[in-house]
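Contents: one structure, followed by commentary.
Residue numbers (the numbering used here): 29 to 215.
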């Protein structure tokens, strides 16, 4: 099986999340064939299935539930791994992080990407939950969200396939802490 992270034709949840954080990262990942290695803090933040079951119970997500569901769409050329899919006809999904982050717009975009992918490939998503430690943000998935993600997927694919990096204005604090800065043409 091919590596979805490095296949410029496929857009993954990681690509969308990183693009929202910084549009240069998916370009670097695709053009330099690199991904950030797992750090100690990343390892510490890993959420196992038992934790996801506990969170789904606390949220009272409907049953049946599936955990860590890989969704690959050949027609959309998109893929991701959803932490929780709950319900039968119209479903709820959840993205679960162990800790709260100050900035989480990129995780919100990742969640909406999952909502789009699950809606297109499995069943319509009605609600989506972003869980970061004790903070829970509940979203009602709207048509506009899905259209935005559809457009975003096209943008990310174009960036990944481009021989030149996307235009970007570096953000000093963000760039200083970015693992990809050693490959970035803007630092």
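All C-beta atoms in this analysis are idealised placements derived from N, C-alpha and C, irrespective of residue type, glycine included.
Under the three-state reduction of DSSP output, residue 160 falls in the strand class. DSSP, reduced to helix, strand and coil, places residue 203 within a helical segment of the structure shown.
DSSP, reduced to helix, strand and coil, places residue 172 within a helical segment of the structure shown. Around the Cβ of residue 58, a 10 Å sphere holds 16 or more other Cβ atoms; the residue is buried. For residue 76, the secondary structure class from DSSP, reduced to helix, strand or coil, is coil. The C-beta distance from residue 174 to residue 147 rounds to 6 Å, short enough to fall under 8 Å. Shown here for residue 90: same chain residues with a beta carbon closer than 6 Å to its own, the five before and five after excluded, namely 114 and 115 in chain order. For residue 148, the uninterrupted alpha helix (DSSP H) segment begins and ends at 133 to 149.
In this structure, DSSP gives residue 111 an extended state, which the three-state scheme calls strand.
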